[in-house]
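Chemist: Numbering (the working numbering), first residue to last: 42 to 285. We put the CB at the ideal spot given by N, CA and C, even for glycine.
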Amino acid sequence: MSVKFEKETLRTTNVPGATDAKHDLAHSVGAALTRGGGAQGYLAAYLQQLQSNPLRTKMLTSGSLAAFQEFLASWIAHDRNKNGGYFTSRVPKMAIYGAFISAPLGHFLINILQKLFRGRTSLKAKILQILVSNLVVSPIQNSVYLTSMAIIAGARTFHQVRATVKAGFMPVMKVSWITSPIALAFAQKFLPEQTWVPFFNMVAFVIGTYINAHTKKKRLAALRKKHYGDGGSRSGEFDRRPGY
Numbered sequence: 042m043s044v045k046f047e048k049e050t051l052r053t054t055n056v057p058g059a060t061d062a063k064h065d066l067a068h069s070v071g072a073a074l075t076r077g078g079g080a081q082g083y084l085a086a087y088l089q090q091l092q093s094n095p096l097r098t099k100m101l102t103s104g105s106l107a108a109f110q111e112f113l114a115s116w117i118a119h120d121r122n123k124n125g126g127y128f129t130s131r132v133p134k135m136a137i138y139g140a141f142i143s144a145p146l147g148h149f150l151i152n153i154l155q156k157l158f159r160g161r162t163s164l165k166a167k168i169l170q171i172l173v174s175n176l177v178v179s180p181i182q183n184s185v186y187l188t189s190m191a192i193i194a195g196a197r198t199f200h201q202v203r204a205t206v207k208a209g210f211m212p213v214m215k216v217s218w219i220t221s222p223i224a225l226a227f228a229q230k231f232l233p234e235q236t237w238v239p240f241f242n243m244v245a246f247v248i249g250t251y252i253n254a255h256t257k258k259k260r261l262a263a264l265r266k267k268h269y270g271d272g273g274s275r276s277g278e279f280d281r282r283p284g285y
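See below:
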């Protein structure tokens, strides 16, 4: 008994240094994000709203980020509207999708996931939670996302929507499977739990903007090739043409 007690005591005396360092780093990151940890910090106010009005706050956040993501991707890809601007008809449609489809769906699925694993803190439970998130939650969210994007892009029949989902499902899932564990591991190690929601929102925003801009560039390149062949001398003129 005494030998076991001494070993346990020795082990616990070595841990606090690493634990304190991790806590200090997490506190520093959280304090920086909340403007010094004051009650008037922007992030602190946002987190307060997230706690008191979770669904409404998520709807406003998701709608705003989805609209800005579409606008930013159009600017990066030089995808202009009929008037030569970047505020295309997809911007308000993406806002509607983010606020009324993406946010409620994510809120519902994450609540179920949290209830399933509430109070289970073992390593096995954490790994199982990640697996359920990547193999159940992500496929549902990505399928709804691709369906919505197909409809926003003009698909009107079931076969058109199904073709879009079938073509884009695995590429989107591969991105989710790569980025989701990395983002989660980073949050677990460096960020306080109350900052996870805005952190994951920003990760999704960056990745979504990149994918959206890349898709727009490929579409514009295909249209240029169709109209002008392989010559690139008129590509700038094509970007400025109304209707694209």
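Express the C-alpha separation of lysine 267 and serine 179 in angstroms, rounding to a whole number.
Modeler: For the purposes of this step, residue 179 is identified with residue 138 of the sequence shown, where counting begins at 1. For the purposes of this step, residue 267 is identified with residue 226 of the sequence shown, where counting begins at 1. Cα-Cα distance, rounded: 36 Å.
Chemist: DSSP state of alanine 85, grouped into three classes?
Modeler: Within the sequence shown, the letter at position 44 stands for residue 85. It is helical.
Chemist: If we count the other Cβ atoms within 10 Å of its Cβ and call it buried at 16 or more, is glycine 147 buried or exposed?
Modeler: Start at 1 with the first residue of the sequence shown, and residue 147 comes out as number 106. The residue is buried, with at least 16 neighbouring Cβ atoms inside 10 Å.
Chemist: If you follow the alpha helix (DSSP H) that valine 178 is part of, which residue opens it and which one closes it?
Modeler: In the sequence shown, counting from the first residue as 1, residue 178 sits at position 137. Premise fails: valine 178 is in no alpha helix (DSSP H) and is neither H nor E.
Chemist: In three-state DSSP terms, what is alanine 262?
Modeler: Position 221 of the sequence shown holds residue 262. It is helical.
Chemist: Might you give, ordered along the chain, the residues of its own chain that have their beta carbon closer than 8 Å to the beta carbon of glycine 77, omitting 5 neighbours on each side?
Modeler: Stepping through the sequence shown from its first residue, residue 77 is reached at position 36. In this prediction, glycine 77 has a pLDDT of 48, which is less than 50 and means its spatial position is unreliable; nothing more can be read from the coordinates.
Chemist: Where does the unbroken alpha helix (DSSP H) through isoleucine 219 begin, and where does it stop?
Modeler: Along the sequence shown, one-based indexing puts residue 219 at 178. 199 to 231 is the span of the alpha helix (DSSP H), which, as asked, contains isoleucine 219.
Chemist: So, for tryptophan 116: in the same chain, excluding its five sequence neighbours on each side, which residues have a beta-carbon less than 8 Å away from its beta-carbon?
Modeler: As a first step, residue 116 is located in the sequence shown; it is residue number 75 there, counting from the start. Around tryptophan 116: Tyr127.
Chemist: Between the alpha carbons of histidine 200 and arginine 161, how many angstroms are there, rounded?
Modeler: Taking the first residue of the sequence shown as position 1, residue 200 is located at position 159. Taking the first residue of the sequence shown as position 1, residue 161 is located at position 120. Going by the C-alpha atoms only, they are around 43 Å apart.
Chemist: Find out if the Cβ-Cβ distance for the pair methionine 190, alanine 144 is shorter than 8 Å.
Modeler: Counting from one through the sequence shown, the residue named residue 190 turns up at place 149. Counting from one through the sequence shown, the residue named residue 144 turns up at place 103. Against a cut-off of 8 Å, the Cβ pair of alanine 144 and methionine 190 comes out as no contact.
Chemist: What separation, rounded to the nearest whole angstrom, lies between the Cα atoms of lysine 45 and glutamine 170?
Modeler: Counted from its first residue, the sequence shown places residue 45 at position 4. Counted from its first residue, the sequence shown places residue 170 at position 129. Low local confidence applies: a pLDDT of 43 at lysine 45 is under 50, so the model's placement there is unreliable, with the coordinate-based value given in what follows. If I take the Cα positions, the gap works out to 33 Å.
Chemist: Which value, in whole angstroms, describes the spacing of the CA atoms of glycine 249 and leucine 164?
Modeler: Numbered from 1 along the sequence shown, position 208 holds the residue referred to as residue 249. Numbered from 1 along the sequence shown, position 123 holds the residue referred to as residue 164. For glycine 249 and leucine 164, the distance between alpha carbons rounds to 30 Å.
Chemist: Would asparagine 253 and leucine 106 be called neighbours here (beta carbons separated by less than 8 Å)?
Modeler: To locate residue 253, count along the sequence shown from 1; it is residue 212. To locate residue 106, count along the sequence shown from 1; it is residue 65. Not in contact: asparagine 253 and leucine 106 (Cβ atoms no closer than 8 Å).
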